[in-house]
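**Student:**
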Amino acid sequence: MAKMVSSVSLLFVLNLISSSFFFFSVLSEAHKLASALYVFGSSAVDVGNNNKLRSFAKYDYLPYGIDFPDGASGRPTNGYNLADYLAQSLRLEVPPPITSINPSLSKNIDGVHDYSLTLLRNEKRNNNSADFEAVHYAFSIDLVEKYVSHLEFLYRLGARKFVVFDAEAMGCLPYEVRKATPLDPVCVDALNFLVFNFNRILHRRINELGSKLPGATFIIGNNFDHTVNLVQNPTSLGLKEGFKPCCKLTKLGKCDAKTLPCNERTDYAFFDGFNPTQAANKVLASECFNGTSGVCSPLNVQQLVAL
Numbered sequence: 037m038a039k040m041v042s043s044v045s046l047l048f049v050l051n052l053i054s055s056s057f058f059f060f061s062v063l064s065e066a067h068k069l070a071s072a073l074y075v076f077g078s079s080a081v082d083v084g085n086n087n088k089l090r091s092f093a094k095y096d097y098l099p100y101g102i103d104f105p106d107g108a109s110g111r112p113t114n115g116y117n118l119a120d121y122l123a124q125s126l127r128l129e130v131p132p133p134i135t136s137i138n139p140s141l142s143k144n145i146d147g148v149h150d151y152s153l154t155l156l157r158n159e160k161r162n163n164n165s166a167d168f169e170a171v172h173y174a175f176s177i178d179l180v181e182k183y184v185s186h187l188e189f190l191y192r193l194g195a196r197k198f199v200v201f202d203a204e205a206m207g208c209l210p211y212e213v214r215k216a217t218p219l220d221p222v223c224v225d226a227l228n229f230l231v232f233n234f235n236r237i238l239h240r241r242i243n244e245l246g247s248k249l250p251g252a253t254f255i256i257g258n259n260f261d262h263t264v265n266l267v268q269n270p271t272s273l274g275l276k277e278g279f280k281p282c283c284k285l286t287k288l289g290k291c292d293a294k295t296l297p298c299n300e301r302t303d304y305a306f307f308d309g310f311n312p313t314q315a316a317n318k319v320l321a322s323e324c325f326n327g328t329s330g331v332c333s334p335l336n337v338q339q340l341v342a343l
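This is the structure in structure tokens:
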């Protein structure tokens with residue numbers, strides 16, 4: 037049995053920061069490029085997993101899903117997300133929420149992403165402490181090793197083809213930017229510094245896994261640089277608005293259910309304070325599936341499937 041993974045979202049089984057991963061089975065029917073796609077990650081690849089759970093991280097109300105065929109499905113965007121587009125590119129159906137398969141699988145997953153983000157932000161606030169760099173380095177190693185242990189577990193189950201997205205540039209997310217520099221939006225360097233160092237460790241360990249695990253192939257999705265480009269140079273990706281979210285935000289960065297989103301949703305990089313629009317998701321999925329920009333390397337997904 038062979039398989040593939042993506043995200044950001046991280047993509048851990050528990051999604052430790054904002055990274056994601058996918059793995060897929062390549063023993064496929066004639067019209068499919070893969071028989072299955074398995075997705076683990078943050079809200080960036082959520083397809084409604086929290087709808088039936090007691091969780092703050094729910095997106096099952098309008099304006100979320102305003103452009104999705106079934107309306108508000110729980111996806112934290114206006115339409116399709118990254119996992120949806122990768123599944124479609126593989127000629128598969130869009131991923132169902134995990135609770136529609138087995139509710140018990142959702143236990144212990146909710147909240148890990150928010151917990152890790154809180155830890156990162158607390159470190160950012162305390163970055164004047166003398167041992168800050170040592171503490172942050174140890175924290176990043178701990179997160180990466182938990183991530184790697186999940187990937188190794190999936191390998192033991194039979195997974196062989198993986199796509200792992202590193203953590204996005206969280207200092208460039210509209211919610212963080214608005215809090216730090218509301219009048220003159222720029223990325224928050226202190227927060228991006230933490231994420232950059234985490235990603236550096238993650239990349240090294242993923243490359244080591246590729247050499248260590250016989251028959252396994254890993255693609256790394258460079259979500260960090262992609263996010264920076266998304267907000268600082270949206271026109272290069274066919275968009276117009278980078279830092280400004282499409283919907284009116286609540287104090288916690290989600291869309292306000294009492295208001296309408298922007299009309300030109302295909303022009304915006306972000307739908308709410310944290311999550312990309314359908315248009316931005318399509319750009320990333322396309323670049324990773326068959327692009328040559330290096331967003332996903334050393335192969336793109338189409339090349340990975342063909343192995």
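Numbers 37 to 343, taken from the working numbering, label the letters of the sequence shown in order.
A virtual CB, placed ideally from N, CA and C, is assigned to each residue, including glycine.
1) Counting only the same chain and skipping the five closest in sequence on each side, list residues whose C-beta sits under 6 angstroms from that of Thr-286.
2) Where does Ser-152 land, buried or exposed, given buried means 16+ other C-beta within 10 angstroms?
3) Return helix, strand or coil for Cys-282, following the three-state DSSP convention.
4) State buried or exposed for Lys-143, treating a residue as buried only when at least 16 other CB atoms are found within 10 Å of its CB.
5) Is the stretch 92 to 104 touching the stretch 209 to 219, taking contact as three or more C-beta pairs under 8 angstroms?
6) Across which residues does DSSP place Pro-312 in a beta bridge pair?
7) My output table needs one value for Lys-197: the three-state DSSP class, helix, strand or coil.
8) Excluding five sequence neighbours on each side, which residues of the same chain lie with their C-beta closer than 6 angstroms to the C-beta of Ser-290?
9) Does the stretch 72 to 84 come within contact of the stretch 107 to 125, defined as at least 3 CB pairs closer than 8 angstroms?
10) Would you call Ile-177 buried or exposed, if buried means 16 or more other Cβ atoms sit within 10 Å of its Cβ?
11) By the 10 Å Cβ neighbour count, where 16 or more other Cβ atoms means buried, how is Glu-323 classified, buried or exposed?
12) Looking at C-alpha atoms only, which residue of Phe-325, Leu-273 and Pro-112 is the closest neighbour of Thr-313?
13) What are the residues that DSSP puts in a beta bridge with Ser-333?
14) Sorted by chain position, which residues of the same chain lie with C-beta nearer than 6 angstroms to Asp-202's C-beta, five sequence neighbours on each side aside?
15) Can you tell me the Cα-Cα spacing of Val-204 and Leu-340, whole angstroms?
16) Confirm the yes/no value for this check: CB of Thr-253, any heavy atom of the ligand ADP, distance under 6 angstroms.
17) Please name the residue, chosen from Ile-102, Ala-195, Pro-281 and Tyr-304, that lies closest to Gly-274 on a Cα-to-Cα basis.
18) If I measure Cβ to Cβ from Val-130 and keep anything under 8 angstroms in the same chain, skipping five residues before and after, which residues do I get?
19) Whole angstroms is fine: what's the gap from Ser-109's alpha carbon to Leu-288's?
20) Since Cys-298 sits in a beta bridge, which residues does DSSP pair it with?
21) Helix, strand or coil for Phe-325? Go by DSSP, reduced to three states.
22) Tell me the DSSP secondary structure of Cys-291 in three-state form.
23) Could you check the C-alpha separation between Glu-277 and Pro-270 for me, to the nearest Å?
24) In chain order, what residues of the same chain have a beta carbon less than 7 angstroms from the beta carbon of Asn-317, not counting five sequence neighbours either side?
25) Please report the distance separating the alpha-carbon of Val-200 from that of Asp-220.
26) Taking the straight line between their C-alpha atoms, what separation do you get for Cys-223 and His-67?
27) In three-state DSSP terms, what is Glu-277?
28) Can you tell me the Cα-Cα spacing of Asn-181 and Asn-86, whole angstroms?
**Tutor:** In short, the structure shows the following:
1) Result list for Thr-286: Asp-292, in chain order.
2) Confidence is the limiting factor: at Ser-152 the pLDDT is only 47, short of 50, which leaves the residue's position unreliable, though a coordinate-based value still follows. Ser-152 counts as buried, since no fewer than 16 other beta carbons sit within 10 angstroms of its beta carbon.
3) In the displayed model, Cys-282 falls within coil according to three-state DSSP, outside both helix and strand.
4) With a pLDDT of 43 at Lys-143, under the threshold of 50, the modelled position of this residue cannot be trusted, and the question is left open.
5) The stretch 92 to 104 makes no contact with the stretch 209 to 219, as fewer than three CB pairs between them are under 8 angstroms.
6) In the DSSP output, where bridge partners are listed per residue, Pro-312 has Phe-306.
7) Residue state, collapsed to three classes: strand.
8) Just to set this straight, residue 290 is Lys in the shown sequence, not Ser. The residues are Asp-308.
9) Three or more Cβ pairs drawn from the stretch 72 to 84 and the stretch 107 to 125 lie within less than 8 angstroms of each other, which places the two stretches in contact.
10) It is exposed - the Cβ of Ile-177 has fewer than 16 other Cβ atoms within 10 Å.
11) Taking a 10 Å sphere around the C-beta of Glu-323, we find 16 or more other C-beta atoms and assign the residue as buried.
12) With distances taken between Cα atoms, Thr-313 lies closest to Pro-112.
13) Ser-333 is bridged by DSSP to Ile-256.
14) Counting only residues of its own chain and dropping the five nearest sequence neighbours on each side, Asp-202 has a CB closer than 6 angstroms to the CB of Ser-55, Asn-235, Leu-238, Asn-259 and Phe-260.
15) Note that residue 204 is Glu in the sequence shown, not Val. Spanning the two alpha carbons is a distance of roughly 23 angstroms.
16) Only the bare structure without any ligand can be found here, which leaves the ligand ADP out of the picture.
17) Tyr-304 is the residue among Ile-102, Ala-195, Pro-281 and Tyr-304 whose C-alpha sits nearest the C-alpha of Gly-274.
18) By the criterion of a C-beta distance shorter than 8 angstroms, Val-130 is surrounded in its chain by Val-83, Tyr-116, Ala-119, Asp-120, Ala-123 and Gln-124, once the five residues flanking it on both sides are discounted.
19) The C-alpha of Ser-109 lies about 20 angstroms from the C-alpha of Leu-288.
20) Beta-bridge pairing links Cys-298 to no other residue.
21) Assignment of Phe-325 by DSSP, reduced to helix, strand and coil, places it in the helix class.
22) Correct three-state label for Cys-291: strand.
23) Rounded to whole angstroms, Glu-277 and Pro-270 show a C-alpha spacing of 6 angstroms.
24) Hits under 7 angstroms: Thr-113, Tyr-116, Asn-117, Leu-118 and Tyr-121.
25) Straight through space, the alpha carbons of Asp-220 and Val-200 are spaced by roughly 33 angstroms.
26) Computed Cα separation, rounded: 43 angstroms.
27) Of the three classes helix, strand and coil, the one that applies to Glu-277 here is strand, per DSSP.
28) In the sequence as displayed, the identity of residue 181 is Glu instead of Asn. Glu-181 and Asn-86: Cα-Cα distance of roughly 26 angstroms.
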